[in-house]
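Position one of the sequence shown corresponds to residue 13 (this note's numbering), numbered consecutively onward.
Backbone N, C-alpha and C fix where the C-beta goes; we use that ideal spot for every residue, glycine too.
Only a predicted model underlies this, so the values are computations on that prediction, with no experimental measurement involved.
Report on one structure; see the data block that follows.
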Amino acid sequence: MKENILKYLEKNKYVSGEILAEKLGISRVAIWKQIKKLKDLHYEIISHQNLGYCLVSRPDLLLPDEIQKGLDTDYMGHKIYYYRELESSNITAREKARSKKDEASEGTVIITEKQTGGKGRLGRKWFSPEGGIWLSIILYPHLSPAYIPRITLITAVAVVKAIKELTRIQGLIKWPNDILIHEKKVCGILTEMSAELDLINWLVIGLGINANIDHGEFPEEIKDTSISLKEILNQKISRVKLVQLFLREFEKCYNMINRKESALILNEWKLYSHTLGRKIKVKVGNRVVIGQATNINDKGALIIKKDNGECLEIISGTILK
Ligand code: BTN
């Protein structure tokens with residue numbers, strides 16, 4: 013009903029309660045109640061005694077209705093759970109993934125305006141104030157856990173493409189999946205899963221994008237290494253549009269992985285890579301490996317050539333330098 017009212021308000025400068033009631037087949041009191049609900053959701057609507065209601069602006073929130081309006085995906089983001097605040101969207105997504113599938117079908121998105129306990133990789137905290145994009149996607153791929161590194165890499169590709177389409181800015185991917193702009197981190201990805209030996213039960217991909225955050229807001233310990241899209245562009249971006257673009261790109265890439273056609277996307281990853289060709293230091297478990305990052309293989313593993321010529325395949329790790 014709210015969406016129908018918004019449609020009328022968008023088409024006309026002013027619409028009276030009487031006309032809305034007549035068009036939508038409900039009472040004027042019911043219209044008034046819906047308008048109140050919209051105002052509570054931060055839609056700015058003014059009421060004129062003789063002319064009726066006028067929509068002045070839509071809210072700058074990641075509301076499901078706003079995201080789904082004009083979302084051109086087949087299933088990604090067709091179900092969205094929205095929260096003003098969460099401890100962590102990944103925690104909520106994991107709970108939903110563990111429950112029945114009808115509550116969280118393939119491509120369900122959990123999205124929140126802020127997180128009080130945002131989680132980063134390796135048990136780190138993730139700074140998640142209002143203005144960012146903090147979301148998690150629930151997936152049930154019929155694939156073995158060996159595909160996880162590839163799914164993680166394609167998520168980064170989808171983010172880079174979405175940012176490029178919205179802002180014209182080219183982000184680069186630091187292996188495995190940090191997105192850098194001007195050598196600073198603008199986005200991080202945290203993949204969590206439950207799997208058997210040869211089959212993934214569920215997968216949660218958590219995405220954190222520093223969208224409309226002022227640089228001064230970043231805590232001291234990440235100030236030098238973090239950046240936001242707002243500070244790069246000197247203006248706020250449309251977070252709704254960025255989420256829509258990401259979901260579209262991600263669905264395309266994910267479908268390809270499901271069809272076991274990873275090669276094309278891995279090539280795209282290489283195109284946007286910040287890592288390949290550099291001399292790097294990688295922490296792998298308790299070990300530190302130093303060498304030249306030479307390639308990504310078809311499993312999504314990083315190939316490192318050590319000074320002694322030996323080549324190592326690294327499935328998961330963290331770049332220290
Ligand atoms: C990293 O680079 O360390 C990964 C950061 C991932 C952050 C996102 S924000 C949405 C989702 N919920 C979380 O608690 N973490 C991920």
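{"Query": "Buried versus exposed call for Glu263 [16 or more other C-beta atoms within 10 Å across all chains shown]", "Result": "buried"}
{"Query": "Leu332 Cβ short of 7 Å to the ligand BTN heavy atom set", "Result": "no"}
{"Query": "Selected residue, minimal CA-CA separation from Thr128, among Trp146, Ala116, Ile234 and Thr120", "Result": "Trp146"}
{"Query": "Cβ contact (3+ pairs, closer than 8 Å) linking the region 206 to 218 and the region 105 to 124", "Result": "yes"}
{"Query": "Nearest-angstrom Cα separation, counted from Leu67 out to Leu18", "Result": "8 Å"}
{"Query": "Arg290 to Lys51 span [Cα, whole Å]", "Result": "52 Å"}
{"Query": "Residue span of the beta strand (DSSP E) that contains Met88, given as start and end", "Result": "Looking at the DSSP string, Met88 is not in any beta strand (DSSP E), and its letter there is neither H nor E."}
{"Query": "For Val27 and Leu332, the rounded distance between their alpha carbons", "Result": "59 Å"}
{"Query": "Contact between the region 226 to 243 and the region 267 to 274 (3+ Cβ pairs under 8 Å)", "Result": "no"}
{"Query": "For Gly200, the three-state DSSP class (helix, strand or coil)", "Result": "strand"}
{"Query": "Same chain, Cβ closer than 6 Å to Glu208, five either side skipped, listed in chain order", "Result": "none"}
{"Query": "Cβ-based burial, Asn62 [other Cβ within 10 Å; buried from 16]", "Result": "exposed"}
{"Query": "Option nearest Thr203 by Cα separation, candidates Lys318, Asn222 and Asp190", "Result": "Asp190"}
{"Query": "Unbroken alpha helix (DSSP H) run spanning Val169, endpoints", "Result": "Ile160 to Thr179"}
{"Query": "Integer Cβ distance of Lys173 from Glu261, believed to fall under 8 Å", "Result": "5 Å"}
{"Query": "Contact the region 151 to 164 vs the region 251 to 260: 3+ CB pairs below 8 Å", "Result": "no"}
{"Query": "Ile57 Cβ short of 7 Å to the ligand BTN heavy atom set", "Result": "no"}
{"Query": "Reduced DSSP secondary structure (H/G/I, E/B, other) of Gln182", "Result": "coil"}
{"Query": "Three-state secondary structure assigned by DSSP to Ser156", "Result": "coil"}
{"Query": "Asn102: CB within 7 Å of a non-hydrogen atom of the ligand BTN", "Result": "yes"}
{"Query": "C-beta atoms of Asn224 and Gly143 nearer than 8 Å", "Result": "yes"}
{"Query": "Cβ-heavy atom distance, Ile163 to the ligand BTN, below 7 Å", "Result": "no"}
{"Query": "Rounded distance between the beta-carbons of Ile234 and Phe139, thought under 8 Å", "Result": "6 Å"}
{"Query": "Where Leu241 falls: helix, strand or coil (DSSP)", "Result": "helix"}
{"Query": "Heavy atom of the ligand BTN within 7 Å of Lys131 beta-carbon", "Result": "yes"}
{"Query": "Beta-carbon gap between Cys265 and Val169 smaller than 8 Å", "Result": "yes"}
{"Query": "Exposure of Gln256, with buried meaning 16 or more beta-carbon neighbours within 10 Å", "Result": "buried"}
{"Query": "Contact test: Ile166 Cβ vs the ligand BTN heavy atom, cutoff 7 Å", "Result": "no"}
{"Query": "Environment of Gly183 [buried if 16+ CB atoms lie within 10 Å]", "Result": "buried"}
{"Query": "Spatial neighbours of Val300 in its chain, beta-carbon cut-off 8 Å, leaving aside the 5 residues before and after", "Result": "Lys293, Val294 and Leu332"}
{"Query": "Per DSSP, cross-strand counterpart(s) of Asn307", "Result": "Ile315"}
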